[in-house]
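Protein chains in written order, with the working numbering: chain A, 1 to 267; chain B, 1 to 339.
Let me begin by presenting the structure, written as structure tokens, before commenting on it.
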């Protein structure tokens, strides 16, 4: 579906993503993980045409994304970013903004199809009951759901999310990620998301890409990537990895200082 | 959906009714009072003589110019606030009005109207404001990305510089030109040339029409530049088009009526408070309300201390400024974070 080949890019200053190669298949949930400043969000921004590659390419269905018209791209790729500014508008108005790429230039009013799709997105995300609330007066969890509803209203094939669970409590984290999983399995939506929490990433993603200092450290299934040697090396923290008793996905346990000092002394 | 459309039609109808009412009021009051009924009759074609002359040669031109300029300035305000997601932005604060004023002063000083004819004033104003925007772009758009704070600060500085330069122009111009410049800078809707009035009206109506080509982009920009890009908007191109539009609207307005502040700041805010921030309805309603507001202010300006006349900027300043403060303390009307 989307493929990065030898991608190198960055901002004006010194930081760069270096030589990233990644191929995301149709219907996959791909998690981007890595320490702070490892280039996770930069990678996502390169995939959404905010950042232009210095070298290498990103292609969507075998076409370089920089050769696709922005409007066409917005009908295929939707982004849920942390940088969205809130505005004094109702949830429904906000969700309807997702129809913009489908509108004609002088189309002044949504047609029935636009309304139906917005309604369906709100149903799917459970935001229909708050559709008349103001977007900046709802809770953080509801806001995240509204953001996803807006993205779905674009009718994308690929959904990119930038840390969709930040600042949410566990019930909302799970609610958002369950929703993403459902969208993936029921609508066949391909998902790429940046996640901070390694355990959530391991639990919900089919594959993970671990970035470190702008380079790919490891790509593979959660079992392959969430390995205590790799995690300790990249995060420079002592950890224990055990499987989740229910899902048997690997989970990371941190080891607090006192405990990890003792074995060292004994050695 | 139909509910929304009905609501929008109601607002537009209401504002048109308001515009007509204020225009009729403005036609009837003045040093020679003409009852509204009679004024309407004369407009329809009956009557002649002095009253006919007063209506058609003095009051009606001002009303039409008021609509054109009030609408143009409000539209420029909506556009600029939409681009910059900042409620304090308007043609004046960005230095666009200042640039236009400087352009027109130079035009008067150099007597270019012998060359360019009547259209020279709006042309000079538009060129002045466009030069300001090009300068702003050059200074703060490094590598194609418009950085907002830099732009705003530079805009305020350009305002200062252009008013200093206008002083300089005044200092070195001859007495008869000086009179022209001062008279024009005071700001007035008195314009003897029907041709210029017609030009201004067409520019502002065409501007309104063109702004609708960008309504999608303006709505997407509410969410920020990056989100607009994610919604398929070519942000840089949309911004350039919108800035040029705002410049031409401002430049023409300033060239005909001087600097009239606060219209572009207050009218969009009031409209947003009542109607919301959807640009599909905001553009037309701001235009109508802006026209109505300026006609009302101008009517007050020429009647309050009749037979003398106040500069209309005094009224819009007092009116607009206090309304602005009131609105800010009462309700959140900001466009966005303005980061």
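Note that CB positions come from ideal geometry on N, CA and C, so glycine has one too.
Option nearest residue i by Cα separation, candidates the options
| i | options | result |
| --- | --- | --- |
| residue 187/B | 318/B, 255/B, 99/B, 121/B | 255/B |
| residue 179/A | 199/A, 147/A, 88/A, 197/A | 147/A |
| residue 54/B | 16/B, 31/B, 296/B, 73/B | 31/B |
| residue 188/A | 242/A, 255/A, 23/A, 28/A | 28/A |
| residue 259/B | 12/B, 317/B, 202/B, 13/B | 317/B |
| residue 127/A | 203/A, 237/A, 170/A, 96/A | 96/A |
| residue 126/B | 101/B, 323/B, 156/B | 101/B |
| residue 162/A | 2/A, 48/A, 20/A | 48/A |
| residue 1/A | 11/A, 63/A, 31/A | 63/A |
| residue 84/B | 37/B, 329/B, 153/B | 153/B |
| residue 59/A | 204/A, 219/A, 235/A, 21/A | 21/A |
| residue 224/A | 175/A, 207/A, 90/A, 145/A | 207/A |
| residue 237/B | 214/B, 257/B, 219/B | 214/B |
| residue 222/A | 204/A, 43/A, 237/A, 234/A | 204/A |
| residue 91/A | 44/A, 143/A, 101/A, 65/A | 143/A |
Backbone secondary structure at residue i - three-state DSSP
| i | result |
| --- | --- |
| residue 251/A | strand |
| residue 333/B | Because residue 333/B sits at a pLDDT of 44, beneath the cut-off of 50, its placement in the model cannot be relied upon, and the following sentence gives the value as read from the coordinates. Reduced to three states, the DSSP call for residue 333/B is coil. |
| residue 132/A | coil |
| residue 241/A | strand |
| residue 1/A | coil |
| residue 143/B | In this prediction, residue 143/B has a pLDDT of 46, which is less than 50 and means its spatial position is unreliable; nothing more can be read from the coordinates. |
| residue 218/A | strand |
| residue 310/B | coil |
| residue 191/A | strand |
| residue 18/A | strand |
| residue 138/A | coil |
| residue 219/B | helix |
| residue 173/B | coil |
| residue 162/A | strand |
| residue 181/A | helix |
| residue 78/A | strand |
| residue 9/A | strand |
| residue 61/A | coil |
| residue 31/B | coil |
| residue 54/B | helix |
| residue 88/A | coil |
| residue 67/B | helix |
| residue 29/A | strand |
| residue 11/B | helix |
| residue 209/A | strand |
| residue 56/A | strand |
| residue 23/A | strand |
| residue 18/B | helix |
| residue 319/B | helix |
| residue 230/B | helix |
Whether residue i touches residue j by CB criterion (7 Å)
| i | j | result |
| --- | --- | --- |
| residue 121/A | residue 87/A | no |
| residue 264/B | residue 77/B | yes |
| residue 166/B | residue 97/B | no |
| residue 216/A | residue 151/A | no |
| residue 270/B | residue 320/B | no |
| residue 108/B | residue 180/B | yes |
| residue 55/A | residue 125/A | no |
| residue 98/A | residue 153/A | yes |
| residue 158/A | residue 77/A | yes |
| residue 82/B | residue 221/B | yes |
| residue 50/A | residue 226/B | yes |
| residue 71/B | residue 291/B | yes |
| residue 246/B | residue 189/B | no |
| residue 199/A | residue 252/A | yes |
| residue 218/A | residue 210/A | yes |
Check: residue i C-beta below 6 Å from any heavy atom of the ligand COA
| i | result |
| --- | --- |
| residue 89/A | This structure lacks the ligand COA, and indeed carries no ligand of any kind. |
Exercise. Taking any Cβ of chain B, which residues in the segment 41-67 of chain A have a Cβ under 7 Å from it, in chain order?
Worked result: 48, 49, 50
Exercise. Per the contact definition of three or more C-beta pairs closer than 8 Å, is the segment 128-147 of chain A in contact with the segment 61-70 of chain A?
Worked result: no
For this session: Name, going along the chain, the residues of the segment 74-93 of chain B whose beta-carbon falls closer than 9 Å to a beta-carbon of chain A.
Result: 85
Problem set entry | Short-range partners of chain A found in the segment 226-252 of chain B, where Cβ spacing is below 8 Å | 226, 227, 229, 230, 231, 232, 233, 234
For this session: Assess, as a yes-or-no matter, whether the segment 54-72 of chain B is touched by the segment 225-234 of chain B under the definition of 3 or more beta carbon pairs within less than 8 Å.
Result: no
Problem set entry | Chain-ordered residues of the segment 200-223 of chain B with a beta carbon less than 8 Å from chain A | 212, 213, 215, 216, 219, 220, 222, 223
For this session: Could you say if the segment 112-129 of chain B and the segment 297-305 of chain B meet the contact criterion of at least three C-beta pairs nearer than 8 Å?
Result: no
Exercise. Are the segment 185-199 of chain A and the segment 105-121 of chain A touching, with three or more C-beta to C-beta distances below 8 Å?
Worked result: no
Exercise. Okay, do the segment 243-257 of chain A and the segment 236-252 of chain B touch, 3+ Cβ pairs below 8 Å being the bar?
Worked result: no
For this session: Pull out every residue of the segment 274-296 of chain B whose Cβ sits closer than 8 Å to any Cβ of chain A, in chain order.
Result: 276, 277, 278, 280
Problem set entry | Residues of the segment 3-16 of chain B whose Cβ lies closer than 9 Å to any Cβ of chain A, in chain order | 4, 5, 8
Exercise. Taking a cut of 7 Å between CB atoms, which residues from the segment 97-124 of chain A lie near chain B?
Worked result: 97, 100, 101, 103, 105, 106, 108, 109, 110, 115
Exercise. For the 8 Å Cβ check, are there 3 or more pairs between the segment 188-201 of chain B and the segment 160-178 of chain B?
Worked result: no
Exercise. When Cβ atoms are compared, which residues of the segment 183-200 of chain A fall closer than 7 Å to chain B?
Worked result: none
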